[in-house]
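Written below as structure tokens is the structure these notes are about.
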Amino acid sequence: MNSTLTPEVIKARVILGVQYLTLTRYLDLSATVALLWDFADTFGRERRHFWGGRWSWLRILFFLNRYFAIVIQLFNTSTMFSPAVSPGLYVAPQCLD
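Residues in the sequence shown are numbered from -6 upward in steps of one, following the numbering used here.
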């Protein structure tokens, strides 16, 4: 056992872990907002250039790239803010050194 882990050190490390989790949550949320803003901003051009005509591999790859990223980012953000990721239970890996 490490004798330097006093209650004060443990408390400081837990607080640091909660701060890291909060920062990570808000950075994730800001990335989601930026992605959705880009989607909303370019949707008109996408509809004009990609929604008409015949399907090709390039078109399929475009849609997979565009919409799969949005789905994954929304899933990631929803899990970051779910009650299962509780700041009270989170400890950053750096705190365990």
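Every residue, glycine too, gets a C-beta built ideally from N, C-alpha and C.
Here the structure is a predicted model, which is why all the values come from computation and not from measurement.
| Check | Outcome |
| --- | --- |
| To the nearest angstrom, how far is the alpha carbon of A27 from that of A5? | 33 Å |
| From which residue to which residue does the alpha helix (DSSP H) around A27 run? | 0 to 43 |
| Could you pull out every residue in the same chain whose Cβ sits closer than 8 Å to the Cβ of I63, ignoring the five residues on either side in sequence? | L28, L29, F32 |
| If the criterion is Cβ atoms closer than 8 Å, does the pair D21 and N69 meet it? | yes |
| Taking the alpha carbon of A24 as the reference point, which residue from S71, A77, S75, P76 has its own alpha carbon closest? | S71 |
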